[in-house]
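K.L.:
This structure is in structure tokens; I'll ask about it shortly.
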Amino acid sequence: MPVEDFDAIFNVNARGAFLCCQEAANRIVRGGGGRIVMISTSLVGALLAKYGAYTASKAAVETLVKILAKELGGTKITVNCVAPGPIATELFFEGKTEEDIKRSVDRIPMGRIGEPKDVAPVVGFLCKDEAEWVNGQVIRANGGSV
90 MPVEDFDAIF
100 NVNARGAFLC
110 CQEAANRIVR
120 GGGGRIVMIS
130 TSLVGALLAK
140 YGAYTASKAA
150 VETLVKILAK
160 ELGGTKITVN
170 CVAPGPIATE
180 LFFEGKTEED
190 IKRSVDRIPM
200 GRIGEPKDVA
210 PVVGFLCKDE
220 AEWVNGQVIR
230 ANGGSV
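Here's what the structure looks like:
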């Protein structure tokens, strides 16, 4: 992989997450508290070949979430992360063969690729008042693949 591609992936995923968290925290502090929910990937737990830069950039997001949760202690802001497994989106299918997709399905005990509706309720829960005790966590929503 060319270093320019590596840098681009980290700029979007790690640096982008940092900047979003920074701005969100500044605004939420002024509002008296709230929730920050970032999105990572279950690849951080799976450590599959050929996804090194992407996985490492998302591992940075997960670490940022855990540290930011501590740094924002006392502000009534929680910071968490949802790490989906394979989700049936254009991005997931892009460039994959039928064999690639079958390998992905075979790694999932639920026997299927996830759908956005499998992940959205997890994010929604983390945004609720009832989730105030959940802080600095990474929740893997992946059908059991990791």
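So for the sequence shown, the numbering used here puts the first residue at 90; every next one is plus one. Beta carbons: idealized from backbone N, C-alpha and C, even for Gly.
#1: Can you pull the DSSP bridge partners for residue 172?
#2: With DSSP run on the structure shown, which of helix, strand or coil describes residue 197?
#3: Who pairs with residue 124 in a beta bridge, going by DSSP?
#4: Once DSSP output is grouped into helix, strand and coil, what is the label at residue 105?
#5: Taking only the alpha-carbon atoms, compute the straight-line gap between residue 138 and residue 120 and give it to the nearest angstrom.
#6: Taking only three categories from DSSP, how would you classify residue 162?
#7: Find out if the Cβ-Cβ distance for the pair residue 144, residue 173 is shorter than 8 angstroms.
#8: Count Cβ pairs between the stretch 150-165 and the stretch 174-183 that sit closer than 8 angstroms; are there 3 or more?
#9: Applying the 10 Å Cβ sphere with the 16-neighbour rule, what's the burial state of residue 109?
P.N.:
Quick look at the numbers:
#1: According to DSSP, residue 172 bridges with 229.
#2: Residue state for residue 197 is assigned as coil, using DSSP reduced to three classes.
#3: Secondary-structure assignment with DSSP links residue 124 through a beta bridge to 167.
#4: It is helical.
#5: Roughly 43 angstroms between the two C-alpha positions.
#6: Residue 162 falls in the coil class under three-state DSSP.
#7: No; because the gap between Cβ atoms is not below 8 angstroms, this pair is not in contact.
#8: Here the stretch 150-165 does not lie against the stretch 174-183, with fewer than 3 beta-carbon pairs under 8 angstroms apart.
#9: Exposed: under 16 other Cβ atoms inside 10 Å.
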